[in-house]
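In this note's numbering, the protein residues as written are 3 to 345.
Glycine is no exception: its CB is placed at the ideal position from the N, C-alpha and C atoms.
Treat the numbers as computed from the prediction; the structure is a model and nothing was measured.
Down below is the structure, laid out as structure tokens.
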């Protein structure tokens, strides 16, 4: 096997010169030019780890100033991202399992140590640590995306309908605290009369092959206010549970604005119909009578009769115009204008 040419910085925490020499030989057997540092006490390990970064730490469990579990816990606190491999003469299997639970990457008996086993342990430990770091970074990015999103997002357990997680925007929108949410189910933010619709929607989601759905729902805030929300739902696996992640956007004001526009459009349609039908009738009569008055050669009584007809039609037209004015009040359009500025 060709020796590994990559550069590794290795800290060996070992107070037995013979054991250190053996480990050093094994390292040079598999790695072309490892950078090896050796300290013999926990205190000296603290000092070197405070100012240096290492790719891996090889730890003997019997030092003059600290041993066993206490030594592992101390090194784990100060080793940074470097994986820790325990090299020991202890044959206590239960303790080896316990040491792994404390965060060490591997536990190797010195009697079983070979150049290849040590090299493999180092490579596997470094790669494992890298993968863990990548996973932690990915989880942090997810957490930031979830918690810092301006949109209300929550996670619901599909079986119990309990809230598993909520972000800050959800807390702000609904008024419940995080602890309150985590002790609630989805039903508690729905008006009682809406529960059947919720159950129907959940049943539809179960029967659908799609992992995404979208609908408009009625929700209830902590203070009792009823809001309309547009929800986007995706099926996820969350901490070992089948769950839905939900984005719930409050569209109450948007719907009010849309309804106001629709109502105003209906008024405008009615006004248009009035203008094209009702207004035309008295206006046509007036237009027809005016030429007759100009050309009339009849008696004064006839002229007065025609003027009376014109006045009747004018009054009728005036009432129609007032009706139109009532239907198109300026304040109605101002309300629409004010609402539009919110979006």
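Proximal residues to residue i (C-beta, below 7 Å), its chain only, five neighbours per side dropped
{"i": "residue 228", "result": "193, 220, 222"}
{"i": "residue 66", "result": "17, 43"}
{"i": "residue 101", "result": "74, 88, 109"}
{"i": "residue 232", "result": "218, 251, 253"}
{"i": "residue 23", "result": "none"}
{"i": "residue 68", "result": "44, 76"}
{"i": "residue 191", "result": "176, 221, 222"}
{"i": "residue 151", "result": "169, 171"}
Cα-Cα separation, residue i to residue j
{"i": "residue 338", "j": "residue 251", "result": "Legend: pLDDT at residue 338 = 49, less than 50; position of this residue unreliable, value from coordinates given subsequently. Cα-Cα distance, rounded: 22 Å."}
{"i": "residue 27", "j": "residue 19", "result": "12 Å"}
{"i": "residue 55", "j": "residue 91", "result": "27 Å"}
{"i": "residue 177", "j": "residue 78", "result": "41 Å"}
{"i": "residue 186", "j": "residue 164", "result": "6 Å"}
{"i": "residue 347", "j": "residue 304", "result": "Since the first residue shown for the chain is 3 and the last is 345, residue 347 is missing from the structure and cannot be characterised."}
{"i": "residue 243", "j": "residue 49", "result": "45 Å"}
{"i": "residue 97", "j": "residue 70", "result": "9 Å"}
{"i": "residue 131", "j": "residue 140", "result": "14 Å"}
{"i": "residue 115", "j": "residue 153", "result": "55 Å"}
{"i": "residue 240", "j": "residue 166", "result": "8 Å"}
{"i": "residue 29", "j": "residue 184", "result": "52 Å"}
{"i": "residue 40", "j": "residue 143", "result": "37 Å"}
{"i": "residue 145", "j": "residue 257", "result": "31 Å"}
Proximity test, Cβ basis, 9 Å: residue i and chain B
{"i": "residue 178", "result": "Protein chain content of the structure displayed is limited to a single chain, and chain B is not contained in it."}
First through last residue of the alpha helix (DSSP H) which encompasses residue i
{"i": "residue 252", "result": "Segment 243–252 is the beta strand (DSSP E) holding residue 252; no alpha helix (DSSP H) there."}
{"i": "residue 101", "result": "95–103"}
{"i": "residue 71", "result": "70–80"}
{"i": "residue 1", "result": "Since the displayed the chain opens at 3 and closes at 345, residue 1 lies outside it and no answer follows."}
Identity of the residue in the options nearest residue i by Cα
{"i": "residue 117", "options": "141, 73, 33, 180", "result": "33"}
{"i": "residue 37", "options": "181, 320, 14, 24", "result": "14"}
{"i": "residue 149", "options": "165, 134, 60, 171", "result": "171"}
{"i": "residue 21", "options": "52, 167, 61", "result": "61"}
{"i": "residue 7", "options": "31, 182, 23, 24", "result": "31"}
{"i": "residue 72", "options": "53, 84, 105", "result": "105"}
{"i": "residue 4", "options": "99, 25, 53, 121", "result": "121"}
{"i": "residue 94", "options": "112, 312, 52, 58", "result": "112"}
{"i": "residue 52", "options": "25, 83, 64", "result": "83"}
{"i": "residue 12", "options": "125, 306, 133, 320", "result": "125"}
{"i": "residue 35", "options": "10, 58, 46", "result": "10"}
N- and C-terminal bounds of the beta strand (DSSP E) containing residue i
{"i": "residue 218", "result": "214–222"}
{"i": "residue 236", "result": "228–240"}
{"i": "residue 109", "result": "108–111"}
{"i": "residue 151", "result": "Careful: residue 151 lies outside any beta strand (DSSP E) and carries neither H nor E."}
{"i": "residue 39", "result": "37–41"}
{"i": "residue 90", "result": "86–90"}
{"i": "residue 30", "result": "Here residue 30 belongs to no beta strand (DSSP E); instead the alpha helix (DSSP H) covers 19–32."}
{"i": "residue 11", "result": "11–15"}
Cut-off 8 Å between Cβ atoms - residues of its own chain near residue i, not counting five sequence neighbours on either side
{"i": "residue 179", "result": "173"}
{"i": "residue 225", "result": "177"}
Own chain, CB closer than 6 Å to residue i, minus 5 neighbours either side, in chain order
{"i": "residue 238", "result": "245, 247"}
{"i": "residue 182", "result": "none"}
Heavy atom of the ligand MG within 8 Å of residue i beta-carbon
{"i": "residue 190", "result": "The ligand MG is absent from the structure shown, which contains no ligand whatsoever."}
Item to complete: Take every Cβ of the segment 150–166, pair it with every Cβ of the segment 243–258, and state whether three or more of those distances are shorter than 8 Å.
Response: Contact between the segment 150–166 and the segment 243–258 is established, with three or more Cβ pairs separated by less than 8 Å.
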